[in-house]
Amino acid sequence: MTTPQAPGRLSLFDLPLDIVSLEATLDRLEGWLDAPRAPHTVVTLNPEFIVQSRTQPDFVNAIQVADLVTADGVGIVWAARQLAGIEVPRAPGFDIVQGLMKRRGERLRVFFLGAKPGVAEVAAQNAAREYGIVVAGIHHGYFDLPEDQRVAELVRDSRADLLLTGMGAGRQETFNQYWRQVMNTPVMIGCGGVIDVLAGTADLAPAWTRRLGVEWLWRVGLDRKRWNRAPRLAQFVRLVRAEKKRQGKKGEGRGGAGGAAG
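Here the sequence shown is numbered in UniProt numbering, starting from 1 and rising by one per residue.
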């Protein structure tokens with residue numbers, strides 16, 4: 001069933017996706033930073049999120065109520081083209097984080113939350129040196145649910161402008177959403193492995209793979225730890241093809257009128 005969409009937003013498998021470029025994304029985030037302090041959550045949607053969310057209602061809710069949902073990779077762009085006939089620009093998590101740090105520099109207070117103990121510290125040091133940002137706080141991502149409130153209050157007390165939450169798909173988005181009012185951070189983004197990349201413990205995909213939007217293929221092919229992600233990507237392709245087939249049959253029943261993905 002197709003639900004009403006906000007301007008510039010479409011739906012893929014009942015999950016929102018904003019039709020917004022990287023530059024427009026950065027403009028919007030800067031607007032939040034310059035406005036009176038209020039919490040906003042950002043989700044960078046990728047195929048694994050869609051597959052994983054189908055069995056995790058809390059994850060679905062966190063995405064549905066996010067203030068901004070961008071297309072993280074070429075898989076989402078392909079799905080939007082197949083199911084909605086719309087070209088959606090990419091705004092990947094690393095590019096958002098890097099772009100915002102470059103734009104704001106010393107005017108940006110960042111809390112680094114995630115990765116293994118010690119990694120966020122290195123990421124913060126590197127980011128402060130390279131972009132001139134202010135480190136508002138640091139905490140690893142290996143803590144259990146009973147500690148969530150304590151960590152959320154650390155973020156709140158830090159008065160960070162930007163929260164980078166890198167605790168894995170689902171966990172990071174639901175944490176940001178559940179504790180958003182407590183943390184009251186203008187920009188909170190589930191950033192996956194961005195903290196590891198900033199720390200140098202994970203490699204950013206080569207520029208040519210990023211230009212072509214196939215960095216996921218490079219990562220899965222070369223990183224044994226990511227090989228278990230391949231079945232999810234295959235499942236995503238099957239989901240998109242099945243949905244397109246369903247839409248086709250639905251369109252035939254209406255005399256050829258098609259609908260948006262949902």
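Idealized CB from N, CA, C, for every residue including glycine. All values derive from a computational prediction rather than experimental measurement.
For Glu173, which residues of its own chain have a beta-carbon under 7 Å away from its beta-carbon, when the five flanking residues on both sides are left out? Taking the first residue of the sequence shown as position 1, residue 173 is located at position 173. Taken in chain order, the residues that qualify are Val43, Phe59, Ala62, Ile63 and Gly190.
Start-end ranges of the alpha helix (DSSP H) lying completely within the stretch 145-172, minimum 4 residues: 148-158
Judging by CA-CA distance, which residue of Arg238, Phe112 and Leu233 is the nearest neighbour of Ala160? Counting from 1 along the sequence shown, the entry for residue 160 is found at position 160. Looking at the Cα atoms, Phe112 is the closest of the given residues.
How close, in whole Å, do the beta carbons of Pro89 and Val20 come, if the pair is a contact with beta carbons under 8 Å? To locate residue 89, count along the sequence shown from 1; it is residue 89. To locate residue 20, count along the sequence shown from 1; it is residue 20. Yes, Pro89 and Val20 are in contact; Cβ-Cβ is about 7 Å, under 8 Å.
Euclidean distance between Cα positions of Thr41 and Val122: Working through the sequence shown from its first residue, we reach residue 41 at position 41. Working through the sequence shown from its first residue, we reach residue 122 at position 122. Using only the alpha carbons, I get a separation of about 25 Å.
Measuring straight from C-alpha to C-alpha, what distance separates Gln181 and Leu163? Your numbering for residue 181 matches position 181 in the sequence shown. Your numbering for residue 163 matches position 163 in the sequence shown. Cα to Cα, Gln181 sits roughly 13 Å from Leu163.
With 8 Å set as the bound, which would you pick, yes or no: does the beta-carbon of Pro186 sit closer than that to a beta-carbon of chain C? No chain C is present in this structure, which holds just one protein chain.
Taking contact to mean at least 3 C-beta pairs separated by less than 8 Å, is the stretch 147-157 in contact with the stretch 24-42? The answer is no - the stretch 24-42 does not touch the stretch 147-157, with fewer than three Cβ pairs under 8 Å.
For Gly193, the nearest candidate out of Thr165, Leu29 and Leu83 (CA to CA): On the sequence shown, position 193 is the one that residue 193 refers to. Checking every option, the nearest Cα to that of Gly193 belongs to Thr165.
Going by DSSP in three states, Arg128 sits in which element: helix, strand or coil? Here the question's residue 128 lines up with position 128 in the sequence shown. The identity of residue 128 in the sequence shown is Ala, whereas the question assumes Arg. Note: Ala128 maps to helix in three-state DSSP.
Continuous beta strand (DSSP E) stretch holding Leu10: start and end: Here residue 10 corresponds to residue number 10 of the sequence shown, with the count starting at 1. It spans Arg9 to Leu12 - the beta strand (DSSP E) in which Leu10 sits, taken as one unbroken run.
Three or more C-beta pairs closer than 8 Å, one from the stretch 64-79 and one from the stretch 12-27: is that the case here? Cβ pair count under 8 Å is three or more, so yes.
I need the straight-line Cα distance from Leu222 to Ala35, nearest angstrom please. The residue given as residue 222 occupies position 222 in the sequence shown. The residue given as residue 35 occupies position 35 in the sequence shown. Because Leu222 carries a pLDDT of 49, less than 50, the predicted location of this residue cannot be relied on, and the following value inherits that uncertainty. Taken atom to atom, the span from the alpha-carbon of Leu222 to that of Ala35 is near 43 Å.
Measure the Cβ-Cβ separation of Ala80 and Asn126 and say whether it is below 8 Å. Within the sequence shown, residue 80 is the residue found at index 80, counting from 1. Within the sequence shown, residue 126 is the residue found at index 126, counting from 1. No. Outside cutoff.
Taking C-alpha atoms, which residue in Lys249, Gly248, Leu239 and Arg246 lies nearest to Trp78? Residue numbering aside, residue 78 sits at position 78 when the sequence shown is read from its first letter. Here the closest residue by C-alpha is Leu239.
If we ignore side chains and look at the alpha-carbon of each, how far apart do Asp186 and Trp32 end up? Residue 186 sits at position 186 when you count from the first residue of the sequence shown. Residue 32 sits at position 32 when you count from the first residue of the sequence shown. The sequence shown places Pro at residue 186, not Asp. In a straight line, the C-alpha of Pro186 is about 6 Å away from that of Trp32.
What are the start and end residues of the alpha helix (DSSP H) that includes Ile189? On the sequence shown, residue 189 is found 189 positions in, with the first residue counted as 1. Note, Ile189: premise wrong, no alpha helix (DSSP H); beta strand (DSSP E) at Val187 to Gly190.
For Arg103 versus Glu30, is the C-beta distance shorter than 8 Å? Along the sequence shown, read from residue 1 onward, the residue named residue 103 stands at position 103. Along the sequence shown, read from residue 1 onward, the residue named residue 30 stands at position 30. It is a contact, given that the beta carbons lie within the stated cut-off.
Since Gly75 sits in a beta bridge, which residues does DSSP pair it with? Numbered from its first residue, the sequence shown carries residue 75 at position 75. DSSP, once it has assigned bridges, lists no residue as partnering Gly75.
Could you compute how far the alpha carbon of Phe143 sits from the alpha carbon of Asp157? For the purposes of this step, residue 143 is taken as the residue at position 143 of the sequence shown. For the purposes of this step, residue 157 is taken as the residue at position 157 of the sequence shown. Going by the C-alpha atoms only, they are around 19 Å apart.
Taking just the CA atoms, how far does Leu145 sit from Ala128? Here residue 128 refers to the residue found at position 128 of the sequence shown. Here residue 145 refers to the residue found at position 145 of the sequence shown. In a straight line, the C-alpha of Ala128 is about 30 Å away from that of Leu145.
Mind checking who Asp18 pairs with in its DSSP beta bridge? As a first step, residue 18 must be located in the sequence shown, where it is residue number 18. In DSSP, Asp18 forms a bridge with Arg9.
For Phe59, the first and last residue of its enclosing alpha helix (DSSP H): For the purposes of this step, residue 59 is taken as residue 59 along the sequence shown, with counting starting at 1. First-last of the alpha helix (DSSP H) with Phe59: Pro57 to Gln64.
Candidates Gly170, Val110 and Val134, of which the one nearest Gln52 by Cα: As a position in the sequence shown, residue 52 is number 52, starting the count at 1. Taking only the C-alpha atoms, the option nearest Gln52 is Gly170.
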